[in-house]
Amino acid sequence: MAVNLNTAQSGQLAEQQACEFLIRHGLQVLTRNYRCNFGEIDLIMQDHDNIVFVEVRVRNNRFYADAIESVDLLKQLKIIRTATHFLQHTGLLDKVNCRFDIIGISYPSINPAVEWITDAFSTDNF
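Per our numbering, the sequence shown starts with residue 265, numbered consecutively.
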């Protein structure tokens, strides 16, 4: 059965599904949709001693690039800058380990496929 959603609806649904997926895998939600002048981070989670910055990508049509592959270097840089702002704002910049994960969700399907890439990129690239 196909699911017909507009872009905003599919993005919100994907973020909710990604959040639930990560919670089932033992992560705890710190913040959702963190925004600052540098950009937005979909989910900020805690995984033991790590702060995890999660970019959720959704694809409604597999004809285009894979959801995971759509996180290019420019998007990675925006996420890193936004994550740095979060860590500075919360006073955690030099106090925690962090990592950058990507969750890709593919529609249309009643049971969409979830792909989780842990430590998908790092600040070493920049």
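Glycine is no exception: its CB is placed at the ideal position from the N, C-alpha and C atoms.
Keep in mind it's a predicted model, so treat the numbers as computed, not measured.
Taking the C-beta atoms as reference points, Thr346 is found nearer than 7 Å to Ile305. With respect to Leu291, Asp311 sits close: the two C-beta atoms are nearer than 7 Å. Pairing Val320 with Ile287 gives a Cβ-Cβ distance that is not under 7 Å. Gln340 counts as buried, since no fewer than 16 other beta carbons sit within 10 angstroms of its beta carbon. Setting aside the 5 residues that flank it on each side, Leu294 is surrounded in the same chain by Ile308, Met309, Gln310 and Ile315, each with a C-beta closer than 8 Å to its C-beta; the list follows chain order.
Taking Leu351 as the centre and dropping the five residues before and after it, the same chain places the C-beta of Ile315, Leu357, Val360 and Cys362 closer than 8 Å to its C-beta, in chain order. Along the stretch 305-359, the alpha helix (DSSP H) occurs as fully enclosed runs of 4 or more residues at 337-353, listed in sequence order.
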